[in-house]
Structures are given as C-alpha cells and as structure tokens.
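Asks: This structure is in structure tokens; I'll ask about it shortly.
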Amino acid sequence: MNIDALKIFITVAKYKNFSRAAEHLNFSQPTISLHIRNLEEEFNEQLLYRSPKYVELTKAGKVLYRNANKILTLYSNTKDEINHLSNIVSGSIKIGASYTIGEYLLPKYLAQFTSAHPEVDIEVVIKNTEEITELIRQARLDIGLIEGKIENNDLVVKPFLEDEMVLVTSPSSPIASKDNILPAQLNNQTWILREIGSGTRAYSDYLIKEWNLSIMRSYIFNSSQGIKEAVLNNLGIAILSHIIVEKELERGELVAISINKAHFTRTLSFIHQTNHSFSMAEQVFVNEMLEK
C-alpha cells in the first residue's frame, strides 16, 4: 500500500472535493485522481461517490478512512523508532498557532528547528485562540500554541512563555505625552480590538472590565497586524503583545502608555489532547521550545 495514496485519500475525504484536495496538497488534480483509482483497484472496491460538485465516501471508503489514520500513525511511529536508532528526528507535525505566536514567534523557532531537523515535515495553521483550541479537540492538529486561558480543562495546557502586554497609541494622540496615567483617564477613548475568540481580545476585554471603562467607539480587526496599522494611523488605542510592536516602539512610531506603573503579562501555552501520543518529532519540538 502506498502511504502517499492514503494521505491523498484522507485529504480528499476531508475536503469532499478533488480540486480543493489538490490545491491543499500542491498536486495536480490528475495526480490525485490517479492515486484514488490505484487504491480502488488495490481494494477492488469503489471508495468514493463522485459528482461534479463534491465527493462522498462509500461504505468501503468509510472503512478505509476509519483505519487510514491509524495506519499512518503506526507508520510514522515505526519510522520514528527506526530513525531513533540513528538519532535522526523525522516525521511530520501539524501545529496550530494563534496569530501573535504564529506570525511573530513561531517562524523564528521553526527556522532553528528545521535547520537542526530537516527530515521533519511541518504544517502550520494560524487562527485565533478559540479556533485553534477547537481544532485540537477535534484531533485535526497535533500541538496548539495559544495566548491566555481556555475555558475548561479537557486539554493538557503547558505554559512556555510570559508575554508582556502594552497599551499603545500613536505619537500624535493626546495621551501620548503622558508618562503615566490612571485607568480612569482612558475613559471615552476609541479602542482597536481583535475579534471575539482571540486571546488578545480576551485580555483587552478583561482590562476594560477591570478598569470599568466607557468606550467611545471601537474598531474590530481579525489580525494583530491590522490593529497595529490602525494605531499607527491614529485610529485609536490598543493593547498588544510587546513582541508585535517592539520595532515600532524603538523607532518612535508608536508610544507605550504606562498605567499606574503596572506591568501586564499573559501566559503563552502549548495545548494538546490528554490522550495524545507524542511522536519523536513532536516531543523534540516541544522540548526545544521550552528550552528557549
């Protein structure tokens, strides 16, 4: 049995569409079709019902789909064990990361990791914290990297970094000239916020509620980069990770406002399912990130 054909079959079943599966895997559609036909010939059964708009699993296809993930996991674990004899880290990792981590921290870690372990294939999905958490619950990702807390304890949560949060504004904002302010002085400001489900949004909402602030108006962006650009253009104020605005603060393009001379942090964490069995590649990745 061809392992690549199994991976293609799982992807087609997931997307229910040959074209979307081909796009996701960066293969041509004829290549996808050929692998599926080869599997059907091998099992002497039709595995998919095909229509112009979508495909569905047949009864035989459902049996193969149910077992294909088990076969791929067993294959990956076997490959890991054999490579371990030569101290070679290989395999694949599906990583989900919230926007701050995925756009500003993870690329640097991955560059170092893949340089040391070129045999490891990595797929990264970047969404907000709530979405990454749900994908972990559905076992569609191996490891999640999120900001802040999750609501219940059905997943394993391992902190790996304390992230400093700062209130930023444009240098032309009236509050930019103040060295230190009281929370009440933030009343009736325009806030630039992330969407519901974001770890950054949860932190902003927490402080706004804690300080009992009135908001004049707000703008919602679904990325931290969008928020930063909005603040740079003096659209309002925002609370962001220091990692995101570090360069702009150094260049004087943004100003960090001190509030009661307090220091604000949140925890960045790994998450995974409680029964998740770590491959060697996953374990090495987690260990090396924890050592940073």
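Here the numbering used here is used: the first residue of the sequence shown is 158, the next is one more, and so on. Built from N, CA and C at the ideal position, the CB exists for glycine as well.
Going by alpha carbons, who is nearest to Lys284 out of Asn201, Arg351, Lys418?
Replies: Nearest of Asn201, Arg351, Lys418 to Lys284, Cα basis: Arg351.
Asks: Asp336 lies in the beta strand (DSSP E); which residues open and close that run?
Replies: Per DSSP, Asp336 belongs to no beta strand (DSSP E) and is neither H nor E.
Asks: Using beta-carbon positions only, say whether Glu304 and Thr357 come within less than 8 Å of one another.
Replies: The answer is yes: Cβ separation under 8 Å.
Asks: Helix or strand or just coil, what does DSSP make of Lys265?
Replies: Lys265 falls in the helix class under three-state DSSP.
Asks: What number of angstroms, rounded off, separates the C-alpha of Ala268 from the C-alpha of Ser371?
Replies: Their backbone Cα atoms lie some 43 Å apart in a straight line.
Asks: So Leu312 packs on Gly253, CB below 8 Å; how close in whole Å?
Replies: Contact flag wrong, Cβ pair sits at about 12 Å.
Asks: Give the DSSP-derived three-state secondary structure of His274 in the structure shown.
Replies: Coil at His274, not helix or strand.
Asks: Less than 8 Å separating the beta-carbons of Val277 and Gly259?
Replies: Not in contact: Val277 and Gly259 (Cβ atoms no closer than 8 Å).
Asks: With a cut-off of 8 Å on the beta carbons, I'd call Val282 and Ala413 a contact; round off their distance for me.
Replies: Actually they do not touch by this definition, with Cβ atoms about 31 Å apart.
Asks: Is the separation between the beta-carbon of Lys173 and that of Glu213 shorter than 8 Å?
Replies: Cβ distance < 8 Å, so Lys173 and Glu213 count as in contact.
Asks: Quick one, which of Ser355, Val323, Leu204 has its alpha-carbon nearest Tyr256's?
Replies: Among Ser355, Val323, Leu204, the Cα nearest to that of Tyr256 is on Ser355.
Asks: Could you say if the segment 323-339 and the segment 433-447 meet the contact criterion of at least three C-beta pairs nearer than 8 Å?
Replies: Short answer: they don't touch.
Asks: Is Thr290 buried or exposed, if buried means 16 or more other CB atoms sit within 10 Å of its CB?
Replies: Buried.
Asks: Can you tell me the Cα-Cα spacing of Ser190 and Asn234, whole angstroms?
Replies: Approximately 28 Å, taken between the alpha carbons.
Asks: Grab me the residues of Tyr211's own chain with a C-beta within less than 7 Å of its C-beta, minus the 5 sequence neighbours each way, in chain order.
Replies: Closer than 7 Å at Cβ, skipping near neighbours: Lys173, Asn174.
Asks: Look at the alpha carbon of Gly393 and the alpha carbon of Trp348, and state the distance between them as a whole number of angstroms.
Replies: Taking the straight line joining both Cα atoms gives about 5 Å.
Asks: Which residue's Cα is closest to the Cα of Trp368: Ala359, Leu343, Ser380, Leu389?
Replies: The shortest C-alpha separation from Trp368 is found at Leu343.
Asks: Would Ile400 and Tyr222 qualify as a contact pair, given that the criterion is a beta-carbon distance under 8 Å?
Replies: Going by C-beta atoms, Ile400 is not nearer than 8 Å to Tyr222.
Asks: If I measure Cβ to Cβ from Leu339 and keep anything under 7 Å in the same chain, skipping five residues before and after, which residues do I get?
Replies: So the qualifying residues of the chain are Asn417.
Asks: Sorted by chain position, which residues of the same chain lie with C-beta nearer than 8 Å to Asn390's C-beta, five sequence neighbours on each side aside?
Replies: Excluding sequence neighbours, Asn390 sits near Ser327.
Asks: DSSP three-state call for Glu154: helix, strand or coil?
Replies: Past the edges of the chain, shown from 158 to 449, lies residue 154, and the structure says nothing about it.
Asks: Residues in the same chain with beta-carbon distance under 6 Å from Asn337, minus the five sequence neighbours each way, listed in chain order, please.
Replies: For Asn337, where only same-chain residues beyond five positions count, the Cβ hits under 6 Å are Ser415, Lys418.
Asks: How many Å lie between Asp161 and Phe184 at the Cα?
Replies: Approximately 12 Å between the Cα atoms of the pair.
Asks: Determine the burial state of Arg297: buried for a count of at least 16 other Cβ atoms within 10 Å of its Cβ, exposed for fewer.
Replies: Arg297 comes out exposed.
Asks: With a 10 Å radius around its C-beta and 16 neighbouring C-beta atoms as the bar for buried, classify Glu287 as buried or exposed.
Replies: Buried, because 16 or more other Cβ atoms sit within 10 Å of the Cβ of Glu287.
Asks: Would you call Glu439 buried or exposed, if buried means 16 or more other Cβ atoms sit within 10 Å of its Cβ?
Replies: By the 10 Å Cβ count, Glu439 comes out buried.
Asks: Could you name the residues of the same chain whose beta carbon sits closer than 6 Å to that of Gly218, not counting the 5 residues immediately before and after it, in chain order?
Replies: Cβ within range, chain order: Leu204, Leu205.
Asks: Name, in chain order, the residues that DSSP records as bridge partners for Ala170.
Replies: In the DSSP output, where bridge partners are listed per residue, Ala170 has none listed.
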